[in-house]
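*Asks:* Could you have a look at this structure, given as structure tokens, before my questions?
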Amino acid sequence: MRILILGGTGAMGTYLVQILKQKNCELYVTSRTFHESKEINYILGDAKNDVFLKSILNIKYDAIIDFMVYSTEEFRCRYKLLLEATKQYFYFSSARVYANSDLLTEDSQRLLDSSIHSQYIQSDEYAIAKAKQEDILRNSDFKNWTIVRPYITYSDSRLQLGFFEKELWLYRAIKGKTIIFPSDINEKITTLTYGGDVANAIVELIGKNIAMGNTYQIMQNRAIKWGDVLKIYMSVLGDNLKVTYVNDSNALGKVTNRKEQIKYDRLYDRKFDNSKICSIDPLMIDAKKPEDGLKECLLRFINNGAKFDKIDWKFEGYADKITKEKTRLKEIKGVKSLLKYLIARYTSYFERKF
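Just so you know, we're using the UniProt record's numbering here: the sequence shown kicks off at 1 and counts up by one.
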């Protein structure tokens, strides 16, 4: 089976590649960074570049699995090209498309269809863009697509806390500094799923006729409070994880540019009915519990050297101001980053701005 994975080196893609490799698939994986492998055909390039994309779609694939994030206009310009190049196209949407509901199924209302905030619906914010792009597929003349809606997926390289990626909380903890966390989100219910379990479920959908023209939300069905997620991390980090709770998550959302994610997702309780994907992949019934999976991934991340992506020095300055801590200036690389930190740490600029 010949499979193309667009952007396959992230939290889900890494697991998916390994599983498909074990099944002896002929794998092609795009990446913007160089990878060397005798078993996998890594293609160096940007899958959002039209010239590059057309160059790799000159052969027919049994499946294309698309992890790329598009604007709606970008997707509208390329979806036909993708669907024509494969027997089955996997579009990665997100369970963030849903409006607030007690229990979410694939048929639950989406924000795009139900929100009373017209300005938000007319935007191309992540959850709205995903829903609009789902509709492009549904309204097309093609039926060889499968929409998947994962929710919060964790791995050795992605460990979230509320709306914070690891660079916004774990970096501080590793440095022995106090993290900040909103008390309103602390009590909210969420669902976190191990990336390997999500990848296994995707593999089970490949080549299934029932999956054509269908939508599957892929996550476990165990709900957990964010406060309990924090306790799991504490059980690994011990005294290194010190927390200052703040009362307003919306203020933090403005500093981190995550206002909509907070308002239209993290401040909702998120419980899911995963029976539809379990009918295809029964192993999802026994998906890894977050109490086990988060510990394992955090320990591996630390033992492998605790490597972080780009640090948001504006946020670091803001967090230091709240916790009354300081960052050693030699830790901050680049004049622009240094200025962002100093302005956030020592002035009221961001309070005035937001």
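Idealized CB from N, CA, C, for every residue including glycine. Bear in mind the structure is a predicted one, so any value in this text is a computation, not a measurement.
Note down the Cα distance separating I232 from W169, rounded to an integer number of angstroms.
*Replies:* 14 Å
*Asks:* In chain order, what residues of the same chain have a beta carbon less than 6 Å from the beta carbon of N218, not counting five sequence neighbours either side?
*Replies:* The residue you asked about is not Asn; residue 218 is Ile in the sequence shown. Counting only Cβ-Cβ distances below 6 Å, and skipping sequence neighbours, we find V148, P150, V198, A201 and I277.
*Asks:* Out of K80, S108, E167 and K21, state which residue places its alpha-carbon closest to the alpha-carbon of A319.
*Replies:* E167
*Asks:* Which residues bound the alpha helix (DSSP H) around S93?
*Replies:* Going by DSSP, S93 is part of no alpha helix (DSSP H) at all; its letter is neither H nor E.
*Asks:* For R172, which three-state DSSP category applies?
*Replies:* In the structure shown, the three-state DSSP call for R172 is helix.
*Asks:* On a Cα-Cα basis, can you pick out the residue from L338, A211 and Q220 that is closest to F90?
*Replies:* A211
*Asks:* Could you give the first and the last residue of the continuous beta strand (DSSP E) run that contains E26?
*Replies:* From DSSP, the beta strand (DSSP E) with E26 extends over E26 to S31.
*Asks:* May I ask which residues mark the beginning and end of the beta strand (DSSP E) holding Q217?
*Replies:* N214 to I218
*Asks:* Can you tell me which of the three DSSP states I56 falls into?
*Replies:* helix
*Asks:* Find the nearest neighbour of K307 within the set D124, L27 and S157, judged by alpha-carbon distance.
*Replies:* S157
*Asks:* Does DSSP put Y268 in a helix, a strand or coil?
*Replies:* In the structure shown, the three-state DSSP call for Y268 is coil.
*Asks:* What is the DSSP secondary structure of T347, reduced to helix, strand or coil?
*Replies:* coil
*Asks:* Should V243 and I302 be called a contact, given that it needs their Cβ atoms to be closer than 7 Å?
*Replies:* no
*Asks:* Which of helix, strand or coil does DSSP assign to I311?
*Replies:* Here I311 carries a coil assignment [DSSP, helix/strand/coil].
*Asks:* Let me make sure I understand the geometry here. Which of G293, F92, Y264 and K330 has the alpha-carbon closest to that of Q133?
*Replies:* Comparing Cα-Cα distances from Q133 to each of G293, F92, Y264 and K330, the minimum goes to F92.
*Asks:* Exposed or buried, Y346, counting other C-beta atoms within 10 Å across all chains shown (16 or more means buried)?
*Replies:* Exposed.
*Asks:* Between Q22, F181 and L81, which has its C-alpha nearest V51's C-alpha?
*Replies:* L81
*Asks:* Ignore the nearest five residues each way along the sequence and tell me which others in R352's own chain have a CB closer than 7 Å to its CB.
*Replies:* Annotation note: pLDDT 48 at R352 (below 50); position unreliable, coordinate value reported separately. Once the five neighbours on either side are set aside, R352 has no close Cβ partner at all.
*Asks:* Under the three-state reduction of DSSP, which class applies to R2: helix, strand or coil?
*Replies:* strand
*Asks:* According to DSSP, is R158 helix, strand or coil?
*Replies:* Coil, per DSSP.
*Asks:* Buried or exposed for F34, going by 16 or more other Cβ atoms inside 10 Å?
*Replies:* exposed
*Asks:* Can you tell me which of Y42, D135 and Y216 puts its alpha carbon nearest to the alpha carbon of R76?
*Replies:* D135
*Asks:* Does DSSP put T14 in a helix, in a strand, or in coil?
*Replies:* helix
*Asks:* Could you have a look at F75 and say whether DSSP puts it in helix, strand or coil?
*Replies:* helix
*Asks:* Using 8 Å as the threshold, is the stretch 96-111 in touch with the stretch 38-50, meaning 3 or more CB pairs across them?
*Replies:* no
*Asks:* Have a look at E26, Q18, S183 and E36 and flag the residue whose alpha-carbon is nearest the alpha-carbon of D62.
*Replies:* E26
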